Structure formats: C-alpha cells, structure tokens
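In the order they appear, the protein sequences are chains A and B. Residue numbering for the first sequence follows our numbering, beginning at 1 and increasing consecutively. Residue numbering for the second sequence follows our numbering, beginning at 1001 and increasing consecutively. In this text, a Cβ means the ideal position worked out from N, Cα and C, and glycines have one as well. Note that the structure is predicted; figures quoted are calculated from it, not measured. Here the structure comes first, spelled out in structure tokens, and everything after it is commentary.
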Amino acid sequence: MIPLQHFLLIGAVLFSLGLFAVITRKNAIQILMGIELMINASILNMVAFGKYDKIDNTGQIFGLFIIILAAASVAVALVIIMNLYKRTQTIDPNQTKSLRG
Amino acid sequence: MQDLPNIQQTTTDIINSLAYLGSEWIIIVGFLVIILTDLFVEKSKMFVAGLAMLTLLTSGAFLVHDLINFQNSELLFNGMFVFSKSAIQFKLLIVAVSLFSLVFFYQDHRLTKHPKGINDLISIFLASILGMFLLVSSANLLMLFLSIEMISLASYLMVSYNAYQKKEAEAGMKYVLFGAVASAIMLYGISLIYGFTGTINLYGDALIIGLSQIGIGASALAIILVLAGISFKLSAVPFHFWTPDAYQVAPTSVVSFLSAAPKIAVFGFLYYLLPYFQIGDTINQFILFAAATSMILGNIAAVFQDDAKRMMAYSAIGHTGFVLMLFVMPQALILNAVLFYLAIYSIANIGVFMSLSYIENNYAVVNISGFKGLGKNIPAMGVCLVILMVSLTGIPPTAGFIAKFLVFSSLISFNSASIYITFLLVIAVLTTVVSLFYYLKIPLNFFLKKSVGDLPIARNSSVLVALAILLTFLTVLFGVFPSLLNALIG
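Here you go:
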C-alpha cells in the first residue's frame, strides 16, 4: 500500500512543474499543457485524500468534475488560440506585443 | 452489496429543494430556448432579444417574491446551495445590471454588425448569469469551482466574440491563459483544504476546526491559493494583468457587463465565505495587502492612460480595492455598505461605458486626447459623462459620495485600534484624491479644449443617450436621497 505522503509529494512536484512550464514556455499550446499538469496535480491530491472519506467519496466525485471541466476549458482555450493563429501566424505570447499588458 | 444508508433522505432533500430555485430554472429555460431558436428560426434577432429580456424580468420577479417571503437562511441540495436573504439581494443586483447590459448589447455596433449575429452572445450571456447566481449561493467548494468556471468560460468567449483583428485575438488569448492558470491554482488550494479538513462544506464546524488544527503555515497556504483564484475574477492586484488588455479591445458593452456583474457575484460569495475563513489573520492580511495594492496601482496607473477604456480598467481595479477594504471587518457589519457601493459603482460604470460606446459609434474615437471639443456637439452626453465621473470620484451631491462615505464611516467606527486599518484608510483617501486627476481629464477635453477639426453631428444610438441620462439621473437621485436605494436593496 502506497502511503499518502508519496501521492502528495508527486502532486506537489507535478504542480510545480506545471507552474514552471507556464512561466517559461514560449508557445501557447505548451502553456496549456503546463496548466493541464497543474490541474492533474489537484486531481491526484483529491483522489488520494478521498481514500480517508469512504462514506461520501467526495474526493473521487470532485476528481470527475475537475476532469470534465478541464476538458471544457481546454476546448475554449484551443478555439481562441486557433483564432489568434489565423490572424497572426504565431502563438508565441512573447511575440504578440501589440498590447502592453 | 453495501447498502446506501442516506439515499432515501438525500433524494427527499433534493426533491424538496427543487422548488426554491425559481429564478435559476427560469434562466436555464431561457438559455435553452434561445439556443434552439437560434438554430431553427431564421431572422430571430428581435425575438431572441425579447425572450432574453423576458427571462431576466421573470427571474427578477421570482427573486423579489423570495426576498419578501423568506427571512431565514436555508441549506438546500444536501448542503450544496445556500438560500439566504443576502444572497437574494446580491442576485437582484446582478439581474439589474444584466438588464442594462442586455439593452446595451443591441446598441453596440461591433456586436450588431457581427456576421454570425448576436444570438450566440446572448445565450452565453444568460449562461454566465446562471453561473453568477450559483456562485452567490454556493455553500460548498465544489459549487464554488463549478460556478467560477462557468463564469470564466462564458467571459472568455464574450471577450473574444468578435476578435477579428490581431489585437483582439491576442487579448483574448492572454485572458484565457491567465484565467486557466488562476483556476488551476484555486483548484490546488481546494484539494489541500479538502485534505486538511476532510470536508468541502463551507458551513458547519468541520472546516474551521480542521483549518485551525493543521497549523498556521499550511492553512494559510491553502486559503491563499483559493483566494488567488477568486481575486482573478475580481481583478485585484496580484492577478490584475488581464484587465487592461481585455477591457481595451473587447466590445464596449461586454466590458461594461464584465466590469460589474461578475464582481457583484464574487463579492457576494466572499461575503458568505468570510466567517468561515477568518481564522487566524491569514485572510485579513491577504485582503489588506490586495486592497492596498489594488487601490494604489489602479489609481496611479490610470493617470497615465490615453485609451479611455484602458483608463476605466485601471479605475475598476482601484474600485475593487476599495470594496475589498470592507472585508477585513466581521460579516455582520458590512452587508449594507457592500451592496450600496456595488450598486452605485455599477450604475456609474455602465453609464460611462454607454457614453464611451456612443462616442465610439459616432466618431470612432477611443482616445481621451481625441475627445477635444466634443462637448459642443453632444452636450447631453457630455453633461452625463461629467456627472458620472464626479460620482466615480466620490464628490457630493452624487451617489458616489454617499457610497464612499458609508465605507469610510463603517471602517472608522470599527477601527479597533488597529494600525493597519488606519493605514488602509489613509491610502484610500489619498488614492481618491489621485483619481480626481484622471476622471476629470475627460470633461476637461470635452468642454475646455478646442477641437482639432470639424466634427460631424451625431446621428444614431438615441437609446444609448436615453439610458445614459437615466443612469445619470439615478446617480444624482440616490446621491440626494440615499434612503431610496437603501429601501430598494433592503
């Protein structure tokens, strides 16, 4: 049986790697992959904690909801990125500099 | 097979709860009917507009009915949903703002000239209102996550709805990436809170006991991660980067909706959340920090903007900080001031965006320096803009003064010898003075500077003029008789 600490450690590592990818990558799709890693870290946490919550199974159910919503938001994000690519032929957030923010 | 002990009771509770959701059902039905109409009926633009208006009005009527008939708060759907008086008040405010926005959508040339029509936008708009209703009423971290995502997805789509130019597509992408990161961070915080406390219900003692047992470091980390996701929707300072870009390029009517309605919803949720997270000083310190930095950065950065919508974005950040300031106090003391400030801010804000949209429709000017001498051509709009700007600054006799006065007076009467709150008050006063510089820049260009060339006489969008005059009238009316608005929201 794998102890809880291992799950939490992997979750924390996944979250940090995802955040690192978001900050350093130069491609919108790669940033989305980083976001996906961060979301997966919290799913892992949820399910690992859910082992101690046998009556309500909140962790597992929350995990299912997260998976579905992550898919929905990735679909929306991809549409918007596709639209940008059609206008500018690039999806590098650092090269699209017509706005100052 | 293991038997399910609670299934009978759970089902009864769900069936009993269904009857409470009148206003939400109406919006769901309206949303579905509008999608189907758009698919199967040709030339349905006016029909959809009437339908959306009817949906909002009916839903508002249900809310008023609930407000009169129910006094105590109840938990519905096995503790997923809270039904309370304050939640209904916040929802009514959201419906009022949405009604103005709905009319505004049909006056915005950038939306009405969209080749695919405006009907899709209206259905997304109704879905986001449903998300806001659920957010105000959520009593559970799962509901919080679902409803925040519902609002976010809808607002990504609304911002990028007619992103046909490079700038617009770029702002849409930045918004969606920031938003996804913020919700991923919030999700990690929720998973930590679930692990520490074994529950995701916000009411009851389990959350408070669990968070105080785990130790200050861990609980502070979890709470800050959750608040990060919330403050993204509020555009409070550490997560404000998307605001100026999105406001600058999105259609003006969409901006006026997004700058008011989601904020009301998030503040409504924060109001419900407050007593359960006020353990230790974590939330108070976070709010102190976010409020102070939002006020400073928003108001100072706004001085240097030339694009009118960008300036309003920074001003929105400043106002968020101002409302956030109230949330360092206990829950019982703040409801009135929060509702009043949000109502007045939304009225003035929507009025300003309507005037800006009118100018953009007629003269295609978006920069403040391009407003020179416009006051002679459109005197009615000019006077409205001056009064609304004065109200946003907070000078009597407008309602903005009363709103700011309420916030200050409740903070001063609470001031329990805390040096931090005094510090916060000083920042609020100073930034209000700074805000005078940029708010009055528009009237200055409007009336006191000579125009560069000849300007044509404005022709269209008389609805916008009427609405802006109505909103200005409300601002002055509530400024002279603040008890009227108090009676309305109380």
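- Under the 8 Å criterion on CB atoms, R87 of chain A is classed as interfacial with respect to chain B.
- Within the region 1258 to 1298 of chain B, the alpha helix (DSSP H) runs of at least 4 residues that lie entirely inside it are, in chain order, 1261 to 1277.
- Per DSSP, reduced to three states, the secondary structure at L1202 of chain B is coil, with no helix or strand assignment.
- In this structure M1 of chain A is exposed. Its beta-carbon is surrounded by fewer than 16 other beta-carbon atoms within 10 angstroms.
- In this structure, A1290 of chain B keeps its C-beta atom at 8 Å or more from the C-beta atom of V1226 of chain B.
- Taking M1312 of chain B as reference, the option from B:T1243, B:A1019, B:Q1285 and B:K1263 with the minimal CA-CA separation is B:T1243.
- Collapsing the DSSP output to three states places F15 of chain A in a helix.
- For the region 58 to 74 of chain A, the set of positions with a beta-carbon nearer than 7 Å to some beta-carbon of chain B reads T58, G59, F62, F65, I66, L69, A72 and S73 in chain order.
- One finds A1180, S1183, A1184, L1187 and Y1188 in chain B with Cβ atoms closer than 9 Å to the Cβ of I39 of chain A, taken in chain order.
- Listed in chain order, the alpha helix (DSSP H) runs fully inside the region 1161 to 1245 of chain B are 1166 to 1197, 1206 to 1213 and 1216 to 1234, counting runs of at least 4 residues.
- Cβ-Cβ distances below 7 Å link L1063 of chain B to S1023, I1088, K1091, L1092 and V1095 in the same chain, with the five nearest sequence neighbours on each side left out; the list follows chain order.
- The Cβ atoms of I1118 of chain B and G1131 of chain B lie no closer than 8 Å to each other.
- Just so you know, the alpha carbons of G1370 of chain B and S1073 of chain B end up roughly 52 Å apart.
- Beyond the five residues adjoining it in sequence on each side, Y1188 of chain B comes within less than 8 Å, by CB distance, of L1225 in the same chain, given in chain order.
- Beta-bridge annotation (DSSP): D1307 of chain B is paired with B:N1367.
- When DSSP states are grouped into helix, strand and coil, N1486 of chain B belongs to the helix group.
- About 16 Å separates the CB atoms of A21 of chain A and I81 of chain A; that is not less than 8 Å, and the two are not in contact.
- Annotation: the continuous beta strand (DSSP E) that includes L1075 of chain B extends over E1074 to L1076.
- Cβ atoms of F1408 of chain B and L1425 of chain B come within 8 Å of each other, at about 7 Å.
- At a C-beta separation below 8 Å, A28 of chain A has these neighbours in chain B: M1173 and L1177.
- Taking a cut-off of 8 Å on C-beta distances, the region 1208 to 1225 of chain B does not touch the region 1289 to 1305 of chain B, as fewer than three cross pairs fall below it.
- Excluding five sequence positions before and after T1197 of chain B, the CB atoms of its chain that fall closer than 7 Å to its own CB belong to A1206, L1207, G1210 and L1211, given in chain order.
- In this structure T1010 of chain B is not in contact with L1126 of chain B, their Cβ atoms being roughly 30 Å apart against a cut-off of 8 Å.
- In this structure, S1256 of chain B and N1349 of chain B form a Cβ contact; the two beta carbons are roughly 7 Å apart against a cut-off of 8 Å.
- Separation of A41 of chain A and I66 of chain A (C-alpha to C-alpha, rounded to the nearest whole angstrom) is 11 Å.
- Close to chain A, meaning a Cβ-Cβ distance shorter than 8 Å, are the following residues of the region 1155 to 1167 of chain B: Y1156, L1157, S1160, A1163, Y1164, Q1165, K1166 and K1167.
- In the DSSP assignment, F1062 of chain B falls within the alpha helix (DSSP H) that extends over K1045 to N1069.
- Under DSSP, the beta-bridge partners assigned to V1082 of chain B are B:L1075.
- C-alpha of A1302 of chain B to C-alpha of Y1020 of chain B: approximately 44 Å in a straight line.
- When the Cα atoms are used, V1249 of chain B and K1167 of chain B turn out to be separated by approximately 7 Å.
- Ranking B:S1253, B:S1183 and B:Y1276 by CA distance to the CA of L1146 of chain B puts B:S1183 first.
- Contact annotation: V47 of chain A and G63 of chain A have beta-carbon atoms nearer than 8 Å.
- For S1123 of chain B, the nearest beta carbon of chain A is not closer than 8 Å to its own beta carbon.
- What E1149 of chain B touches in chain A, judged by beta-carbon distance under 8 Å, is L69, A72 and S73, going in chain order.
- Setting aside the 5 residues that flank it on each side, Y1247 of chain B is surrounded in the same chain by V1255, K1309 and A1313, each with a C-beta closer than 6 Å to its C-beta; the list follows chain order.
- Within the region 1193 to 1220 of chain B, the residues whose Cβ lies closer than 8 Å to any Cβ of chain A are, in chain order, Y1194, G1195, G1198, T1199 and I1200.
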